[in-house]
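The next block holds one structure in the form of structure tokens; read it before the comments.
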Amino acid sequence: MKVSVDRERCCSSGMCVLTAPALFDQDEEDGRVILLEAEPPEELHSAARKAVSFCPCQVITVTDD
Amino acid sequence: MTETLSSAITLSPRTCPFDPPPELIEQAEARAITPVRFPDGHMGWLITGYHLVRAVLADPRFSARQELRHAPIEHRMVEKGLLPPAEPGMFLRMDPPEHTRYRRLLTGQFTVRHMNRLIPRIERIAADRLDAIAEQGPPADLVHEFALPIPSLVICELLGVPYSDREVFQRHTATLLRLESSLDEVNAAMAGITGYLDELVRSKAASPGDDLLSGLIETGELDQGELVRIAFLLLVAGHETTANMLALGSFALLTNPAQLAALRENPSQIEGAVEEMLRYASIFQIGIQRAALEDVDIDGHHIAKGENVILAVQAANRDPERFEHADTLDITRPNNGHLAFGHGVHQCLGQQLARIEMRIGYRALFERFPDLRLAIPADEVPMRSDMAIYGVHKLPVTWKEVKQ
Chain A
70 MKVSVDRERC CSSGMCVLTA PALFDQDEED GRVILLEAEP PEELHSAARK AVSFCPCQVI
130 TVTDD
Chain Z
2 MTETLSSAIT LSPRTCPFDP PPELIEQAEA RAITPVRFPD GHMGWLITGY HLVRAVLADP
62 RFSARQELRH APIEHRMVEK GLLPPAEPGM FLRMDPPEHT RYRRLLTGQF TVRHMNRLIP
122 RIERIAADRL DAIAEQGPPA DLVHEFALPI PSLVICELLG VPYSDREVFQ RHTATLLRLE
182 SSLDEVNAAM AGITGYLDEL VRSKAASPGD DLLSGLIETG ELDQGELVRI AFLLLVAGHE
242 TTANMLALGS FALLTNPAQL AALRENPSQI EGAVEEMLRY ASIFQIGIQR AALEDVDIDG
302 HHIAKGENVI LAVQAANRDP ERFEHADTLD ITRPNNGHLA FGHGVHQCLG QQLARIEMRI
362 GYRALFERFP DLRLAIPADE VPMRSDMAIY GVHKLPVTWK EVKQ
């Protein structure tokens with residue numbers, strides 16, 4: 070699985086950090102998403118998908134290998 | 002299909018204090034989107050289906066701009082039908098890029114990490130309130146003693162607003178939220194609260210403190226008017242919403258003893274319980290309003306440019322197509338995905354703060370008073386059916402046991 074984020078459109082809700090803290094963080098300045106793990110291990114795949122569905126601005130994309 | 006289309010707002014009395022009014026439920030059961038008439042005669046749409054509400058909130062073809070809005074409440078109609086444009090700083094009623102500019106000045110202050118740092122302080126505030134309640138002895142009104150003071154104290158500290166001035170902003174906020182308030186009363190309350198904040202911002206500019214408002218002033222990005230209106234948005238949104246969730250959620254738990262017992266037995270379920278409270282016990286009275294910027298076809302309906310839509314989050318959060326046993330409070334519900342904080346670029350800026358306040362508040366309350374119960378029959382609890390933000394006016398409770 071590959072994860073990518075569009076920081077330009079991020080609205081800093083923090084939902085990704087709440088849902089998958091191992092994969093995402095927020096910028097200290099403006100709260101925008103910081104991707105920690107672009108190729109997450111298997112056990113984090115479901116959290117990554119949840120983060121996609123909870124993101125209010127739909128800026129997270131996952132693609133399966 | 003005529004009588005159900007007479008009004009955009011379904012403020013008919015509720016039969017269950019936690020469910021949307023039966024009229025709205027009927028509309029939601031019949032169809033996910035229904036044409037509705039606004040008080041000024043404008044024909045718009047009421048959207049109740051979860052997937053549609055979510056799709057519209059994420060769709061940039063639907064605008065939050067105030068000047069595209071038809072008043073949903075008769076008393077607040079303006080002569081020309083449409084409202085004036087939002088004043089600078091009122092970013093809730095703007096679209097990107099204006100909205101983005103304001104929001105990004107604030108989002109760094111409301112990150113998950115930043116809010117987590119407030120936990121010890123919020124725990125202290127909650128404990129102090131509960132100490133005061135215990136010392137006074139039963140009965141107590143949880144709204145007055147607990148649900149309103151906690152978020153008010155927290156947002157005052159965060160913004161740098163003296164809590165001792167709460168009477169001023171709480172009184173004006175009540176007028177703003179009262180559905181029966183006339184446009185003149187609303188304007189006077191608005192002038193009262195912004196007049197207060199105008200002075201506060203000036204005094205902070207002269208002698209800054211270690212708070213969010215002082216920090217915003219120091220960025221040099223905002224003029225006086227913008228600062229005052231942003232302070233207004235944060236102050237009002239920061240205490241009324243959470244206060245009503247704390248009280249309405251406590252009421253929901255007190256009247257669902259099996260759920261409360263499950264939470265007491267397993268306090269680690271608090272996070273899921275808070276999400277479920279946000280879904281089940283909605284404080285939305287009308288819904289979120291948007292206007293189509295162009296012709297849009299959704300779900301077989303043609304929404305013409307300029308038409309207003311009311312997104313009834315309170316109904317969407319009970320959509321049986323999205324939620325199993327949608328009308329049941331279930332603190333173990335997986336993959337909640339409620340829309341209580343909205344969705345899209347306007348999703349609640351303070352949601353991570355609200356979550357923490359609710360987790361701490363509910364948990365501390367039911368730990369401290371293990372046998373807490375209503376002091377009056379549940380059907381006598383006065384509901385906020387007359388306010389733009391739903392909840393309870395009072396929540397009288399009693400107890401025998403106090404844990405330290």
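Heads up: the protein sequence lines correspond to chains A and Z, in order. Each residue of the first sequence is one higher than the one before, starting from 70 at the first, in our numbering. Each residue of the second sequence is one higher than the one before, starting from 2 at the first, in our numbering. Even glycine gets a Cβ: it sits at the ideal position worked out from N, Cα and C. Quick caveat, the model's predicted, so the values are computed rather than measured.
{"Asked": "Going by DSSP in three states, Leu83/Z sits in which element: helix, strand or coil?", "Found": "strand"}
{"Asked": "With Arg102/Z as the anchor, note down where its alpha helix (DSSP H) starts and where it stops.", "Found": "99–107"}
{"Asked": "Using the beta-carbon of each residue, which ones in chain A are nearer than 7 Å to Gly345/Z?", "Found": "Pro125, Cys126"}
{"Asked": "With a cut-off of 9 Å, does the C-beta of Val113/Z fall near any C-beta of chain A?", "Found": "yes"}
{"Asked": "If we call anything under 9 Å between Cβ atoms a contact, is Gln315/Z one with Pro21/Z?", "Found": "yes"}
{"Asked": "From this set, Leu234/Z, Val382/Z, Met359/Z, Tyr281/Z, which residue's C-alpha is nearest Leu340/Z's C-alpha?", "Found": "Tyr281/Z"}
{"Asked": "Can you give me, in chain order, the residues of the stretch 352–367 of chain Z that have a beta carbon less than 9 Å from any beta carbon in chain A?", "Found": "Gln352, Gln353, Arg356"}
{"Asked": "Is His344/Z closer than 9 Å to Pro125/A when the C-beta atoms are compared?", "Found": "yes"}
{"Asked": "CB-CB under 8 Å to Glu295/Z, same chain, minus the five flanking residues each way: which ones, in chain order?", "Found": "Arg62, Lys306"}
{"Asked": "May I have the straight-line CA-CA distance separating Leu217/Z from Gln28/Z, to the nearest angstrom?", "Found": "44 Å"}
{"Asked": "Against chain A, does Asn336/Z count as a neighbour if the rule is that its beta carbon must be under 9 Å from one of theirs?", "Found": "yes"}
{"Asked": "Given this structure, state the Cα-to-Cα distance separating Ala116/A from Arg122/Z, to the nearest angstrom.", "Found": "30 Å"}
{"Asked": "Are there three or more Cβ pairs, one per stretch, closer than 8 Å when the stretch 132–142 of chain Z is compared with the stretch 199–213 of chain Z?", "Found": "no"}
{"Asked": "Taking a contact to mean a Cβ-Cβ separation below 9 Å, would you say Leu180/Z touches Ile74/Z in this structure?", "Found": "yes"}
{"Asked": "Under 9 Å, Cβ to Cβ, is there at least one residue of chain A near Thr3/Z?", "Found": "Note that Thr3/Z scores a pLDDT of 38, beneath 50, so its modelled location is shaky; the value from the coordinates is reported in the next line. No, no contact with chain A."}
{"Asked": "Cβ closer than 8 Å: which chain A residues qualify as neighbours of Thr242/Z?", "Found": "The contacting residues do not exist; Thr242/Z stays about 16 Å from chain A at best."}
{"Asked": "How do the stretch 382–401 of chain Z and the stretch 248–266 of chain Z stand: do at least 3 beta-carbon pairs fall below 8 Å, yes or no?", "Found": "yes"}
{"Asked": "Does the distance from the CB of Ile194/Z to the CB of Val155/Z come in under 9 Å?", "Found": "no"}
{"Asked": "Could you name the residues that DSSP lists as bridge partners for Gln95/A?", "Found": "Val102/A"}
{"Asked": "With 7 Å as the C-beta to C-beta threshold (strictly closer), list the residues of the stretch 70–93 of chain A near chain Z in chain order.", "Found": "Cys80, Ser81, Ser82, Gly83, Val86, Leu87"}
{"Asked": "Less than 9 Å between the beta carbons of Val127/Z and Gly362/Z, yes or no?", "Found": "Contrary to the premise, residue 127/Z reads as Ala rather than Val in this sequence. Closer than 9 Å, so yes."}
{"Asked": "Is Gln110/Z close to chain A, meaning its C-beta is less than 9 Å from at least one C-beta of that chain?", "Found": "yes"}
{"Asked": "What does the Cβ neighbour count give for Ser13/Z, buried or exposed, with the cut at 16 atoms within 10 Å?", "Found": "exposed"}
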